[in-house]
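Taken in order, the sequence shown gives residues 1 to 160; the numbers are from the UniProt record's numbering. Think of the CB as a built atom: it goes at the ideal place given N, C-alpha and C, for glycine as much as any other residue. Treat the numbers as computed from the prediction; the structure is a model and nothing was measured. What follows is a set of notes on a single structure, which appears directly below.
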Amino acid sequence: MSKIAAHLPSSITPFSVISQIARRIRIVPLLILLISTIPAWFLTEAIAPQVVRAYTARVDLAIDRLPEENYETVLRRAEAAARAAAQRSFDQDILVTDVSIIVSVQNFGAIAPVLALDVSRPQWRSRPDAQNWATYFKTARSLLFFDNSSTAANGISSKK
1 MSKIAAHLPS
11 SITPFSVISQ
21 IARRIRIVPL
31 LILLISTIPA
41 WFLTEAIAPQ
51 VVRAYTARVD
61 LAIDRLPEEN
71 YETVLRRAEA
81 AARAAAQRSF
91 DQDILVTDVS
101 IIVSVQNFGA
111 IAPVLALDVS
121 RPQWRSRPDA
131 QNWATYFKTA
141 RSLLFFDNSS
151 TAANGISSKK
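Structure below.
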C-alpha cells in the first residue's frame, strides 16, 4: 500500500495586501520620512526631557599665617582666597550651580577652618561678595592660638 502524492512545485503566491503596501512604501519620498522624525523628537523631549547634569563644586583651601599678622588680617586674606576660588569655580565650569569652599588657616602647627562659603550661581551673580555668603567659625581664633599669640610664638609657657 503505497501512497501516491502529487508534488506541486513551490511557488510564492502574491498577496494583494503586501504588494499594495510595498508600492506605497516606494512612493513615499525620503524627505517626508526625514521631516517626520523632527516632530517625533520634539514629542519625546517634551515627554521625557534629558537630565540636567549640574553639580556643586567643593574646594578646600589652606593658608598659612604670615609673621606679625593678626587674626583680622588672616580673616581678610581667607575671604579674598574664598572669593577668588568661588569666581574661578563658576568661570571654569558652566555646569556648576553651587560652590562650597572651606578655608583653613595654619598657625604654629595648629590648623582650623576659619570660614565656609556656600553660594549658588544666581546669588553670586547678584552679589559677588564673600563676606555676604560666608559662615565664620567663632572658635577658630582660640584654636589657632591668636588669643595668646606671644606664648604660642615662644612655644613655652611664661610660668617659671
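Since residue i and residue j should fall inside the 8 Å C-beta cutoff, what is the C-beta to C-beta distance between them, to a whole number of angstroms?
{"i": "Asn107", "j": "Leu144", "result": "4 Å"}
By Cβ distance below 6 Å, which residues in the same chain neighbour residue i in space, the five residues on each side in sequence not counted?
{"i": "Arg125", "result": "none"}
{"i": "Ser104", "result": "Ala62, Ile111 and Pro113"}
{"i": "Ile102", "result": "Asp60, Pro113 and Ala116"}
{"i": "Pro39", "result": "none"}
Closest by CA to residue i, which one among the options?
{"i": "Ala57", "options": "Thr73, Ser89 and Ala46", "result": "Ser89"}
{"i": "Ser120", "options": "Glu79, Gln87 and Lys138", "result": "Gln87"}
{"i": "Pro122", "options": "Val96, Gly109 and Gln131", "result": "Val96"}
Would you check if the distance between the CB atom of residue i and the CB atom of residue j is smaller than 8 Å?
{"i": "Leu115", "j": "Phe137", "result": "yes"}
{"i": "Ala82", "j": "Ala134", "result": "yes"}
{"i": "Asp129", "j": "Ser100", "result": "no"}
For residue i, which residues of its own chain have a beta-carbon under 7 Å away from its beta-carbon, when the five flanking residues on both sides are left out?
{"i": "Arg141", "result": "Tyr71 and Asp147"}
{"i": "Arg53", "result": "Leu95"}
{"i": "Ala78", "result": "Ile63, Val103, Val105, Val114 and Leu115"}
Closer than 8 Å by C-beta to residue i: which residues in its own chain qualify, once you throw out the five before and the five after it? Chain order, please.
{"i": "Thr139", "result": "Ala112"}
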